[in-house]
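Chemist:
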Amino acid sequence: MKIIMYLFFILISLTSFSQEEILIKGKLFFSDNFYETFPNLLVKLDSSSKYIQIKEDGKFEIKTPIKKESYQLFFYYGNIKFKEFDYKFKWTKRKKPKSISLAEKCEVNKSLVKRDFKKGKMKLYFFKEDEKVKLTDKDRRIQKEYFIEYIQFPLSEIINYDCYLDYNQRVFKFLFLIGKKKYLDKINNNVIGYHYRYNITK
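Each residue of the sequence shown is one higher than the one before, counting from 65 in the working numbering.
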């Protein structure tokens with residue numbers, strides 16, 4: 065009888081272990097400006113149809129009964145998949161969520177502003193989700209006067225949004241330092257970081 069009871073408890077323990085859920089904890093790092101522009105961010109496992117909403121601070125949790133070496137995470141804004149990430153099983157043992165960068169590397173970054181200025185080719189990146197922005201005569205006049213080119217990037221490139229934001233903020237600072245502050249009053253309001261253009265700390 066004791067042997068039967070012993071085997072019974074082992075079976076219960078193994079069943080409980082097999083049903084243990086794996087908790088995937090992560091934090092996607094992005095700027096406040098990014099979340100204001102793209103507030104409804106989602107994440108899911110590649111093997112699942114269930115979407116989890118990412119919180120304002122970038123944190124998310126996904127539960128799965130499947131234990132494996134790594135999990136492929138897909139990040140979405142609406143129906144646009146903007147990032148994939150390979151999440152290792154060992155990170156499920158962490159107390160804190162795994163940090164995940166929005167863009168691993170920025171090809172456009174603030175260090176390029178000085179170079180672009182010397183070439184007379186500084187840029188200001190802008191974004192509007194629903195339509196292509198048509199530049200006004202005022203926009204074209206400002207481009208010519210300040211040697212700046214407006215560039216609209218597509219929704220499919222939102223992973224680079226914070227890269228463009230850093231670049232734009234450095235342009236704002238550069239214009240301020242060379243005595244072109246009045247230009248900041250005139251820029252197109254679709255420019256990324258428009259509402260932060262007078263913050264020249266970066």
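Using N, Cα and C, we set each Cβ at its ideal position, and we do this for glycine too. All values derive from a computational prediction rather than experimental measurement.
Could you work out which residue in E148, K169, F238, E84 is closest to L109 when comparing CA atoms only?
Modeler: Taking only the C-alpha atoms, the option nearest L109 is E148.
Chemist: Could you check what DSSP says for L219 in three-state terms: helix, strand or coil?
Modeler: In this structure, L219 counts as helix in the three-state DSSP scheme.
Chemist: Which whole-angstrom value is the C-beta distance of K132 and F139, which I expect to be below 8 Å?
Modeler: Not quite, the Cβ-Cβ distance comes to about 20 Å (not below 8 Å), so this is no contact.
Chemist: Closest to P129 by CA distance: which of K185, N263, E84, Y99 is it?
Modeler: Considering only alpha carbons, the answer is E84.
Chemist: Going by CA-CA distance only, name the one from C227, Q233, V197 that's closest to K245.
Modeler: Answer by Cα proximity: Q233.
Chemist: What do you get for D121, buried or exposed, if any count of 16 or more other CB atoms within 10 angstroms of its CB means buried?
Modeler: The residue is exposed, with fewer than 16 neighbouring Cβ atoms inside 10 Å.
Chemist: Just grab the DSSP bridge partners of F238 for me.
Modeler: Bridge partners of F238: none, in fact.
Chemist: Any idea which residues DSSP pairs I116 with across the strands?
Modeler: According to DSSP, which records beta bridges pairwise, I116 is partnered with V107.
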